[in-house]
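Letter by letter, the sequence shown follows residues 1 to 322 in our numbering. Built from N, CA and C at the ideal position, the CB exists for glycine as well. Below: one structure, written as structure tokens.
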Amino acid sequence: RKALHEKLWRQQVAQGKVPAKAAKAPAPKPAAPAAPVKPAAPKFRCYPKHHQQGKFQLCKFWLVGQSCRKQPCWFAHGKEELADWYKQREDEQNRKKSHRKGSADSASLSTGAAATDAKAKPATAAKPTAASAPAKAKEEKAPAVRAKTTPAPIVKSVWQKNAAQKRNVEAQSQIAQKLAAASSSAGSTGTGTGSVTDSLKLEKELSGMWQGKSTGRNNDVIIWQFCDLKFSMASSKLVGKCSCVWRGENMNFAIEGQVRYPEVSIVRASTGHYANKEVFQCRIEKKAGQVRLSGKSANSWLSLLRTPSKDRKVSAEKPPVA
């Protein structure tokens, strides 16, 4: 159809019935966009943002003509820049204060307008419909879901570990004091072992060489090789010395204690370069013709066995190698 109209128009133009169309002028070319105007570079650098209080200082390397240690440098390069930094920081702080004040004023105005609207137009309670009633009941019954929070890991500090060791030492000293008080009261009233002959017989049976071991909480074993103990039922005291082996090293200990038969309190104190002291609460037991001394301290378990007379002679002839 367009081609047919074009053909008819050309025929009419040739016959002179319709004037010819004027030639279209070429469209003007769009003007080139203006070059963006670059803002002028600031004369001085921006002050360090982390330095919101206090005084700025001059760079000692810049004063001498050397290169700065940090890039960007946190110190002013000249007195003019130093003064400009104070001005920049003051302007920024004033701008933040005005912004906070403006936001607070707008919030107070909005709350005041809402309050006046509420006074002018009292709210009318909407009548509950049959459709909204079950939805409201579901909202009331739905329990509030709380977000799960994972507890932070507990890390024991060095101070806590030292405090625990100090508490253990204090507990051992308190136990030793209680046993000393109990033994003193028992000495005045008697040891409860019967007659004097029985106590002498018991002293002879218990005094002598003992052997065994003590095991710590971390399975650290101390072998008690030659432990010479002397029991005194009259004074309720225990005295002796012991040679132990710990990790292939020989150590000598002095032993003291309190006797309240069959309960025994043993205090083992090191006589060498190890400043070690440990209190054991033990009990004497007789089974199958053997006398055993077993007990524990705050950190380890002890088990000693009374050696027969033959073993005592052998141990006396062959002293431990230092």
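Closest by CA to residue i, which one among the options?
i           : options               : result
residue 295 : 306, 304 and 282      : 282
residue 44  : 56, 29, 77 and 38     : 77
residue 243 : 219, 272, 234 and 262 : 272
residue 72  : 258, 302 and 46       : 46
residue 58  : 260, 289, 85 and 91   : 85
residue 234 : 201, 91 and 224       : 201
Whole angstroms are fine: how far does the CA of residue j sit from the CA of residue i?
i           : j           : result
residue 105 : residue 32  : 47 Å
residue 249 : residue 164 : 28 Å
residue 14  : residue 28  : 32 Å
residue 176 : residue 237 : 13 Å
residue 174 : residue 51  : 56 Å
residue 63  : residue 53  : 24 Å
residue 211 : residue 167 : 30 Å
residue 303 : residue 229 : 14 Å
residue 284 : residue 306 : 10 Å
residue 65  : residue 92  : 31 Å
residue 110 : residue 101 : 14 Å
Tell me which residue opens and which closes the beta strand (DSSP E) that residue i is part of.
i           : result
residue 215 : 208-216
residue 268 : 263-270
residue 277 : 277-287
residue 292 : 290-296
Are the CB atoms of residue j and residue i within a distance shorter than 8 Å?
i           : j           : result
residue 326 : residue 255 : The structure shown does not extend to residue 326, since the chain is modelled only from 1 to 322, so the question has no answer here.
residue 265 : residue 179 : yes
residue 288 : residue 172 : no
residue 300 : residue 215 : yes
residue 259 : residue 231 : yes
Specify the secondary structure class of residue i as computed by DSSP and reduced to three states.
i           : result
residue 168 : helix
residue 204 : helix
residue 250 : strand
residue 234 : coil
residue 91  : helix
residue 101 : helix
residue 301 : strand
residue 1   : coil
residue 228 : strand
residue 243 : strand
residue 256 : strand
residue 196 : helix
What are the start and end residues of the alpha helix (DSSP H) that includes residue i?
i          : result
residue 60 : 60-64
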